[in-house]
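For reference, the structure is listed below as structure tokens.
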Amino acid sequence: MKIFNTLTGKKDILTPIADKKINLFVCGPTVYDLPHIGHAKTYIVFDAFAKYLKQIGFAVFYLQNITDIDDKIIAKAKEKGITPKKLASEFEKEYLEDMKLIKVDGVDKYAKATDHIKEIISQIERLLDKGYAYKTDDGVYYDIVKFKNYGRLSNRTALRAQDAVSRIDDTKTKKNKGDFCLWKISKPEEPEWESPFSKGRPGWHIEDTAIAEKYFGLQYDIHGGARDLIFPHHEAEIAQMEAISGKRPMAKYWMHTGFLTIETRKMSKSYGNFITIRDFLQKYSPEVLRFLVLKALWRSPIDYSEKSAEEARAGLEKIMEFVNKLAEIKIRKIGGDEAGQKILEKNKTDFWKFLDDDFNTPKAISAMFKLIKEINKLNDKNPICKERAFEIISFFHEADKILGILGKEKKSPPPPTLKKMLADREKFRKGKNWQSADDIRKKIEELGWKIEDTDKGAVLTKN
Ligand SMILES: [Zn+2]
Numbered sequence: 399m400k401i402f403n404t405l406t407g408k409k410d411i412l413t414p415i416a417d418k419k420i421n422l423f424v425c426g427p428t429v430y431d432l433p434h435i436g437h438a439k440t441y442i443v444f445d446a447f448a449k450y451l452k453q454i455g456f457a458v459f460y461l462q463n464i465t466d467i468d469d470k471i472i473a474k475a476k477e478k479g480i481t482p483k484k485l486a487s488e489f490e491k492e493y494l495e496d497m498k499l500i501k502v503d504g505v506d507k508y509a510k511a512t513d514h515i516k517e518i519i520s521q522i523e524r525l526l527d528k529g530y531a532y533k534t535d536d537g538v539y540y541d542i543v544k545f546k547n548y549g550r551l552s553n554r555t556a557l558r559a560q561d562a563v564s565r566i567d568d569t570k571t572k573k574n575k576g577d578f579c580l581w582k583i584s585k586p587e588e589p590e591w592e593s594p595f596s597k598g599r600p601g602w603h604i605e606d607t608a609i610a611e612k613y614f615g616l617q618y619d620i621h622g623g624a625r626d627l628i629f630p631h632h633e634a635e636i637a638q639m640e641a642i643s644g645k646r647p648m649a650k651y652w653m654h655t656g657f658l659t660i661e662t663r664k665m666s667k668s669y670g671n672f673i674t675i676r677d678f679l680q681k682y683s684p685e686v687l688r689f690l691v692l693k694a695l696w697r698s699p700i701d702y703s704e705k706s707a708e709e710a711r712a713g714l715e716k717i718m719e720f721v722n723k724l725a726e727i728k729i730r731k732i733g734g735d736e737a738g739q740k741i742l743e744k745n746k747t748d749f750w751k752f753l754d755d756d757f758n759t760p761k762a763i764s765a766m767f768k769l770i771k772e773i774n775k776l777n778d779k780n781p782i783c784k785e786r787a788f789e790i791i792s793f794f795h796e797a798d799k800i801l802g803i804l805g806k807e808k809k810s811p812p813p814p815t816l817k818k819m820l821a822d823r824e825k826f827r828k829g830k831n832w833q834s835a836d837d838i839r840k841k842i843e844e845l846g847w848k849i850e851d852t853d854k855g856a857v858l859t860k861n
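For the record, in the sequence shown the residue sitting at position 395 is 793 according to my numbering, with numbers rising by one throughout.
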């Protein structure tokens with residue numbers, strides 16, 4: 399297959415380093431808050447991608463780190479009056495729970511930074527030995543000028559690479575403005591670990607390379623993450639690992655997912671447009687979220703709006719309706735039906751062909767819709783047989799091992815007329831007109847819906 403590689407700036411043929419084995423590392427979350435739908439975009443993409451690689455015969459080892467020590471974690475723990483360890487472990491649990499909810503279960507190993515302090519220290523020691531790192535009065539830093547290829551992934555030069563330093567990298571005593579922190583001497587009451595340099599805690603970039611080295615060795619196949627991690631995070635990872643190993647490249651393929659914006663704006667708590675995965679799942683199913691994400695090319699941006707979620711839901715319903723209808727076909731035909739066969743073969747071939755070319759899920763999904771359209775048209779005049787229907791359903795299930803969009807239950811939103819009736823009932827209840835409110839409730843129930851009075855108001859669920 400071919401995949402777009404940030405490192406080369408083009409689509410490259412995916413050739414694993416060793417035979418059929420693919421080692422895939424994806425940057426995981428910093429666990430200090432609930433994950434939002436922007437995180438979901440990246441993790442759904444790589445979940446589906448890893449499942450695809452497995453399905454076409456690669457032996458994939460999908461590794462993800464969990465950043466459980468970091469400035470943001472320390473700050474939030476202080477705010478809440480609990481230890482950083484407790485806060486991180488709570489949000490790690492929430493993260494894993496949310497991933498399970500959205501059917502992200504393709505990760506083979508989650509590795510926490512604090513479980514790999516020994517490996518982190520070993521990498522820093524080697525960087526110090528080789529002269530790529532130096533000690534200051536507040537920790538150990540990486541000297542970006544020493545690494546000739548710094549900036550190659552992001553097309554920046556070391557001199558220009560001074561803009562994106564985070565708080566942990568901030569110190570007056572470092573050599574170059576863009577130098578980043580490998581080890582930080584902890585302030586009083588901050589978490590700290592013993593090390594040959596000083597008691598302290600690791601920087602952010604070093605945890606990924608230490609974890610990757612432990613499970614993969616010094617070079618591996620694919621590194622993935624969100625686009626905003628290219629600089630400085632991934633640049634720093636390359637500088638660390640390639641300086642240690644003396645080998646290039648650290649990862650053969652670099653895959654970066656596109657951003658998710660909310661009505662063209664960046665998602666941010668200060669804009670009030672922050673949507674956690676849980677917020678989303680209050681209104682829509684996990685399948686809608688996966689479908690919404692996979693309808694776009696993995697490296698393209700998504701602009702989210704209520705409308706796009708509704709469109710995704712409607713599209714999914716169309717697929718489910720089709721599958722359910724096929725399951726009811728009872729016609730038997732001797733010799734089978736050629737027209738149905740042809741439609742299936744063509745679109746099935748296209749489906750796999752599109753995934754093979756840069757994991758193009760939107761095109762693959764469009765092949766599924768083309769099949770739906772053509773089979774529906776055929777069914778109107780010359781219905782397909784039970785066997786063919788079964789083959790089509792099997793194909794959809796095979797596709798769904800990657801996409802994870804077919805829900806089990808048929809869920810549809812309440813129609814507008816019911817919403818209106820519910821609003822009327824609320825009005826009657828406010829006016830203490832219990833009889834009329836109750837009459838409406840009965841009518842709604844006759845239509846197959848149930849009213850549940852929650853603390854957020856009355857909601858309709860299907861019986
Ligand atoms: Zn990372």
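The beta-carbon is built from N, C-alpha and C at its ideal position, and this holds for glycine as well.
Under DSSP, the beta-bridge partners assigned to T859 are K848. Annotation for C425 indicates a beta carbon within 7 Å of some heavy atom of ligand 1.
Taking a cut-off of 8 Å on C-beta distances, the segment 758-776 does not touch the segment 399-414, as fewer than three cross pairs fall below it. DSSP places T659 outside any alpha helix (DSSP H); the residue lies instead in the beta strand (DSSP E), whose first and last residues are 658-660.
Where Y441 is concerned, the enclosing alpha helix (DSSP H) starts and stops at 435-453.
For the pair S698 and G656, the CB atoms are nearer than the 8 Å cut-off.
Under the 10 Å beta carbon count, I480 is surrounded by fewer than 16 other beta carbons and is classified as exposed.
Counting only residues of its own chain and dropping the five nearest sequence neighbours on each side, K409 has a CB closer than 6 Å to the CB of K400, F402, D756.
Nearest C-alpha to S764 among A725, E661, K716, F788: K716.
Just so you know, the alpha carbons of M718 and L461 end up roughly 33 Å apart. Around the Cβ of P630, a 10 Å sphere holds 16 or more other Cβ atoms; the residue is buried. For D410, the Cβ stays outside the 7 Å cut-off from all heavy atoms of ligand 1. Counting every other CB atom within 10 Å of its CB across the protein chains shown gives W832 a total below 16, marking it as exposed.
Remark: C-beta atoms of A509 and I609 approach each other more closely than 8 Å.
Rounded to the nearest whole angstrom, the CA to CA distance from G855 to I842 is 16 Å. Every unbroken stretch of the beta strand (DSSP E) spanning 3 or more residues and falling wholly within the segment 561-617 is given here in chain order: 578-583, 598-600. Contact between the segment 429-446 and the segment 489-499 is established, with three or more Cβ pairs separated by less than 8 Å. By the C-beta density criterion, G622 is buried, having at least 16 other C-beta atoms within 10 angstroms.
Relative to I464, the option among F423, A475, G436 whose CA is nearest is F423. Taking non-hydrogen atoms of ligand 1 into account, the C-beta of G436 is found less than 7 Å away from none of them.
Annotation: E633 to F794 spans about 40 Å, alpha carbon to alpha carbon. Distance between K573 and K470, taken at the CA atoms: about 25 Å. Distances from the CB of N463 to the heavy atoms of ligand 1 include at least one below 7 Å. Taking non-hydrogen atoms of ligand 1 into account, the C-beta of G623 is found less than 7 Å away from one of them.
In this structure K784 is in contact with I727, their Cβ atoms being roughly 5 Å apart against a cut-off of 8 Å. Excluding sequence positions up to five before and after P594, its CB lies within less than 8 Å of the CB of I519, E523, all in the same chain and listed in chain order. In this structure, the alpha-carbon of T440 lies about 25 Å from that of K418. For K779, the closest of A486, G615, G738, P814 by C-alpha to C-alpha distance is G738. About 7 Å separates the CB atoms of P600 and I467; that is less than 8 Å, so the two are in contact. Burial is judged here by how many other beta carbons sit within 10 angstroms of a residue's own beta carbon; Y530 has at least 16 and is buried. Counted as a single uninterrupted DSSP element, the stretch harbouring F402 is not any alpha helix (DSSP H) but the beta strand (DSSP E) occupying residues 400-403.
An exposed status is given to I729, since fewer than 16 other beta-carbon atoms sit within 10 Å of its beta-carbon.
Within the same chain, G623, L627 come within 6 Å of C425 by CB-CB distance, once the 5 residues on both sides are set aside.
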